[in-house]
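Residue numbers (the working numbering), protein chains in the order written: chain A, 9 to 158; chain B, 9 to 158; chain X, 9 to 158; chain U, 9 to 158.
4 protein chains.
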Amino acid sequence: MSNEFSEREARVRESFSRQGFMRHLGAEVTALAPGECEIRVPYRKEMTQQHGYFHAGVAAAIADSACGYAAYGLMPVTSSVLTVEYKINLVAPAAGETLIARARVLRSGKTLKICAADVVAVKDGKETLCATTLSTIMAMHDKADSPSKT
Amino acid sequence: MSNEFSEREARVRESFSRQGFMRHLGAEVTALAPGECEIRVPYRKEMTQQHGYFHAGVAAAIADSACGYAAYGLMPVTSSVLTVEYKINLVAPAAGETLIARARVLRSGKTLKICAADVVAVKDGKETLCATTLSTIMAMHDKADSPSKT
Amino acid sequence: MSNEFSEREARVRESFSRQGFMRHLGAEVTALAPGECEIRVPYRKEMTQQHGYFHAGVAAAIADSACGYAAYGLMPVTSSVLTVEYKINLVAPAAGETLIARARVLRSGKTLKICAADVVAVKDGKETLCATTLSTIMAMHDKADSPSKT
Amino acid sequence: MSNEFSEREARVRESFSRQGFMRHLGAEVTALAPGECEIRVPYRKEMTQQHGYFHAGVAAAIADSACGYAAYGLMPVTSSVLTVEYKINLVAPAAGETLIARARVLRSGKTLKICAADVVAVKDGKETLCATTLSTIMAMHDKADSPSKT
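Here it is in structure tokens:
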């Protein structure tokens with residue numbers, strides 16, 4: 009990967025580390041490439057809905073962050089990233105030891121990036137699709153994401 | 009309110025109390041009426057995105073739960089509730105001491121309920137609209153939500 | 009209404025008149041105010057789905073155009089308008105003599121406007137909600153909509 | 009393909025033929041398989057938005073019908089089909105001689121089918137992605153789609 013992407017990757021990881029909510033979820037960025045991002049969350053009781061599965065809110069949150077950072081990896085270093093909107097379909101109960109969101113940029117415009125993410129639950133090593141999202145991410149140009157760089 | 013709704017309200021509160029994720033967020037049901045539900049979360053660092061505002065994932069999670077429970081309040085006692093899908097538009101940074109999701113059922117079909125929720129941030133007593141959602145909630149008939157009643 | 013809005017209204021009507029598809033539907037702009045737009049379509053066989061009701065595609069198309077023009081009425085004269093995305097929930101069969109989409113801008117940012125529209129069917133003078141939408145509209149600055157003004 | 013699918017295919021084509029709106033668009037079903045459907049519309053002035061491209065309403069309408077019929081092909085013969093909701097992202101101007109929607113069922117539940125469709129414009133033989141959708145389709149059991157079979 010190019011130096012330019014290394015710089016962007018560092019920026020993604022630094023931004024992610026400032027998200028108190030992702031830390032509160034126990035979420036980690038487990039893969040990153042230009043226009044792609046994967047985020048994982050291990051199962052624990054704090055992640056559940058009323059039947060003991062992962063809460064849809066966890067799936068939505070990591071899918072949203074994965075889309076945002078997949079898009080952010082394609083943005084100039086001087087910009088920051090913002091989710092405009094997304095839609096999620098919950099297609100199966102999220103039962104398993106780990107929840108994984110995998111996002112990719114479908115269309116990369118200058119201001120807006122259109123992204124999709126799939127969320128799978130891993131149970132006994134087998135992945136099941138739980139949710140799928142479609143989202144619109146915006147680049148805020150000339151407004152660096154990190155407070156120290158503003 | 010009728011006895012029938014009292015029973016449904018008790019059921020909503022009992023189901024909510026089993027959501028480990030809502031507890032992990034510090035979320036509370038602060039109003040409940042037939043076809044309506046309000047959920048609040050106080051601000052803390054664990055709720056933040058990279059700029060220190062409430063993370064969109066928190067707004068989405070409480071909007072989703074509020075829609076689900078607004079709909080659940082209209083369902084027969086023998087049914088359980090499931091979010092099919094939702095869409096969220098994030099319209100302003102969620103800056104404030106408290107985040108409030110207010111949901112209402114727009115259309116109550118037998119199997120599907122269409123709901124909308126607004127999410128506002130309260131700062132110095134003033135509410136600002138941060139997000140708005142549109143969602144589809146499903147009644148699973150003859151499948152009680154509580155494990156003890158299954 | 010101000011002169012400025014009159015100019016914007018004229019621009020909306022001129023842009024609408026260039027939409028061959030709206031003409032093909034028999035659609036008309038029946039109300040216009042800053043941040044609001046109403047579009048109507050009379051019933052005919054060419055508008056139907058397989059059961060003889062208005063096709064969801066007609067509801068979606070006039071809701072989309074109504075959102076776009078509600079937003080466009082708030083944009084500078086030198087800009088053009090683009091739908092980024094929308095979501096529609098179809099809540100009842102669209103049975104009636106006329107279909108009406110009523111759109112309003114929920115949040116007017118510089119680049120993006122978030123809009124909502126309700127679609128009602130009118131039968132024997134009574135309105136029934138058939139569909140509701142949530143959409144993201146973009147202003148293309150310094151790119152006039154009309155070819156003669158480009 | 010099995011006899012059972014042949015029967016379902018015939019039912020899809022018969023239902024499509026009753027959609028006055030699809031005929032008004034000049035739309036045709038050009039491919040059909042279990043859980044998949046392709047619909048095409050040739051360009052003409054009646055299909056345009058204000059800049060002469062295909063109107064987003066045409067893209068949305070054929071994507072919606074393609075999703076509905078992709079799902080319908082998996083439903084029992086005694087059921088009818090209904091779009092609950094969809095979301096569409098418009099990712100590029102729809103410029104070309106033909107617009108094609110290709111839909112596939114992502115998850116086939118008993119009552120609900122979750123579908124995705126891509127819409128491409130074909131210009132000088134080259135396809136460009138214009139729109140992508142995510143939708144929820146419902147089976148109405150024991151309610152045949154064709155009036156003659158009700």
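Even for Gly, the Cβ is constructed at its ideal location relative to N, Cα and C.
Query raised in the report: Count the other CB atoms within 10 Å of the CB of GLY76 of chain B; is the residue buried (16 or more) or exposed (fewer)?
Result: Locating residue 76 of chain B in the second sequence gives position 68, where the first residue counts as 1. Burial call: buried.
Query raised in the report: The alpha helix (DSSP H) spanning GLU12 of chain U covers which residue range?
Result: The sequence position of residue 12 of chain U within the fourth sequence is 4, counting from 1. GLU12 of chain U -> alpha helix (DSSP H) spans 11-25.
Query raised in the report: Since MET83 of chain B is in the alpha helix (DSSP H), which residue starts that stretch and which ends it?
Result: Looking up residue 83 of chain B in the second sequence gives position 75. MET83 of chain B -> no alpha helix (DSSP H), and no H or E assigned at all.
Requested in this report: Given a cut-off of 8 Å, decide if TYR51 of chain X and GLU105 of chain X are closer than it, judged by their beta-carbon atoms.
Outcome: The sequence position of residue 105 of chain X within the third sequence is 97, counting from 1. The sequence position of residue 51 of chain X within the third sequence is 43, counting from 1. The answer is yes: Cβ separation under 8 Å.
Query raised in the report: Are any of the Cβ atoms in chain X nearer than 8 Å to that of LEU33 of chain B?
Result: As a first step, residue 33 of chain B is located in the second sequence; it is residue number 25 there, counting from the start. Not one chain X Cβ lies under 8 Å of LEU33 of chain B.
Query raised in the report: To which residues of the same chain is ARG19 of chain B closer than 6 Å at the C-beta, ignoring the five residues directly before and after it?
Result: Here residue 19 of chain B refers to the residue found at position 11 when the second sequence is read from its first residue. For ARG19 of chain B, where only same-chain residues beyond five positions count, there are no Cβ hits under 6 Å.
Query raised in the report: For the stretch 103-122 of chain B, which residues have a beta carbon sitting closer than 7 Å to at least one beta carbon of chain X?
Result: LEU114, ARG115, ILE122
**Report entry** LEU107 of chain A CB to nearest heavy atom of the ligand ADP below 7 Å
**Finding:** Questions concerning the ligand ADP fall outside what the structure shown contains, since it holds no ligand whatsoever.
Query raised in the report: Relative to the alpha-carbon of ALA67 of chain U, which residue among U:HIS59, U:LEU82, U:ILE47, U:GLY81 has its alpha-carbon at the smallest distance?
Result: Numbered from its first residue, the fourth sequence carries residue 67 of chain U at position 59. The shortest Cα separation from ALA67 of chain U among U:HIS59, U:LEU82, U:ILE47, U:GLY81 belongs to U:ILE47.
Query raised in the report: Would you say THR140 of chain A and VAL99 of chain A are within 8 Å of each other, going by their C-beta atoms?
Result: Along the first sequence, one-based indexing puts residue 140 of chain A at 132. Along the first sequence, one-based indexing puts residue 99 of chain A at 91. Yes; because the gap between Cβ atoms is below 8 Å, this pair is in contact.
Query raised in the report: Mind listing which residues of the stretch 80-101 of chain A have their C-beta closer than 8 Å to chain U's C-betas, in chain order?
Result: LYS95, ASN97, VAL99, ALA100
Query - Candidates A:GLN58, A:ALA125, A:MET148, A:ALA69, of which the one nearest GLY34 of chain A by Cα - result: On the first sequence, residue 34 of chain A is found 26 positions in, with the first residue counted as 1. By alpha-carbon distance to GLY34 of chain A, the top candidate from A:GLN58, A:ALA125, A:MET148, A:ALA69 is A:ALA69.
Query raised in the report: Going along the chain, which residues of its own chain have a beta-carbon closer than 6 Å to the beta-carbon of ILE108 of chain A, five neighbours each way excluded?
Result: In the first sequence, residue 108 of chain A corresponds to position 100, counting from 1. So the list reads ARG48, VAL128, once near-sequence residues are dropped.
Query raised in the report: Is the beta carbon of GLU17 of chain U less than 8 Å from the beta carbon of GLY81 of chain U?
Result: In the fourth sequence, the residue the question calls residue 17 of chain U occupies position 9. In the fourth sequence, the residue the question calls residue 81 of chain U occupies position 73. For GLU17 of chain U and GLY81 of chain U, yes; Cβs fall inside 8 Å.
Query raised in the report: Where does ARG48 of chain X fall in DSSP's three states?
Result: Looking up residue 48 of chain X in the third sequence gives position 40. Strand at ARG48 of chain X.
Query raised in the report: Cα separation between ARG115 of chain B and LYS121 of chain B?
Result: Position 107 of the second sequence holds residue 115 of chain B. Position 113 of the second sequence holds residue 121 of chain B. Using only the alpha carbons, I get a separation of about 6 Å.
Query raised in the report: Hey, does THR144 of chain B have any beta-carbon neighbour from chain X nearer than 8 Å?
Result: Working through the second sequence from its first residue, we reach residue 144 of chain B at position 136. Yes - at least one Cβ of chain X is within 8 Å of the one on THR144 of chain B.
Query - beta strand (DSSP E) runs wholly inside the stretch 99-123 of chain B, at least 3 long, in chain order - result: 106-116
Query raised in the report: Who pairs with ASP126 of chain U in a beta bridge, going by DSSP?
Result: By 1-based counting over the fourth sequence, the position of residue 126 of chain U is 118. Per DSSP, the beta-bridge partners of ASP126 of chain U are U:ARG110, U:THR140.
Report task. Compare the C-beta of THR136 of chain A against all C-beta atoms of chain U and say whether one is closer than 8 Å. Result -> Position 128 of the first sequence holds residue 136 of chain A. Closer than 8 Å: no.
**Report entry** Proximity to ARG112 of chain X [Cα-Cα], best of X:SER73, X:ASN97, X:LEU137
**Finding:** Here residue 112 of chain X refers to the residue found at position 104 of the third sequence. Closest option to ARG112 of chain X, Cα to Cα, is X:SER73.
**Report entry** DSSP three-state assignment for LYS131 of chain B, whether helix, strand or coil
**Finding:** Numbered from its first residue, the second sequence carries residue 131 of chain B at position 123. Strand.
Requested in this report: Starting from LYS53 of chain U, find everything on chain X with Cβ-Cβ shorter than 8 Å and list it in chain order.
Outcome: Taking the first residue of the fourth sequence as 1, we reach residue 53 of chain U at position 45. Going along chain X in sequence order, the residues near LYS53 of chain U (Cβ under 8 Å) are GLY28.
Query raised in the report: Out of curiosity, what's the CA-to-CA distance linking LYS157 of chain U and HIS63 of chain X?
Result: If you number the fourth sequence from 1, residue 157 of chain U lands on position 149. If you number the third sequence from 1, residue 63 of chain X lands on position 55. Low local confidence applies: a pLDDT of 41 at LYS157 of chain U is under 50, so the model's placement there is unreliable, with the coordinate-based value given in what follows. Rounded to whole angstroms, LYS157 of chain U to HIS63 of chain X spans 21 Å at the Cα level.
Report task. Answer yes or no: does any C-beta atom of chain A fall closer than 8 Å to that of ALA140 of chain U? Result -> Counted from its first residue, the fourth sequence places residue 140 of chain U at position 132. The sequence shown places Thr at residue 140 of chain U, rather than the Ala named in the question. Chain A contact via Cβ: present.
Requested in this report: Please report how far the alpha carbon of LEU137 of chain X lies from the alpha carbon of ASP126 of chain X, in whole angstroms.
Outcome: The count along the third sequence starts at 1 and reaches residue 137 of chain X at position 129. The count along the third sequence starts at 1 and reaches residue 126 of chain X at position 118. Our two residues, LEU137 of chain X and ASP126 of chain X, have alpha carbons roughly 7 Å apart in a direct line.
Query raised in the report: Near ALA71 of chain A, what residues of its chain come up, given a Cβ to Cβ distance below 6 Å and the 5 sequence neighbours on each side ignored?
Result: As a first step, residue 71 of chain A must be located in the first sequence, where it is residue number 63. Closer than 6 Å at Cβ, skipping near neighbours: ALA109, ALA125, VAL127, THR141.
Query raised in the report: Would DSSP call TYR94 of chain U helix, strand or coil?
Result: As a first step, residue 94 of chain U is located in the fourth sequence; it is residue number 86 there, counting from the start. Here TYR94 of chain U sits in strand by DSSP.
Query raised in the report: Can you tell me whether DSSP reads ALA69 of chain X as helix, strand or coil?
Result: Counting from 1 along the third sequence, the entry for residue 69 of chain X is found at position 61. Looking at ALA69 of chain X - three-state DSSP - the assignment turns out to be helix.
Query - Proximal chain U residues relative to THR56 of chain X, where beta-carbon distance stays under 7 Å - result: Stepping through the third sequence from its first residue, residue 56 of chain X is reached at position 48. In chain order: GLN27, GLY28, PHE29.
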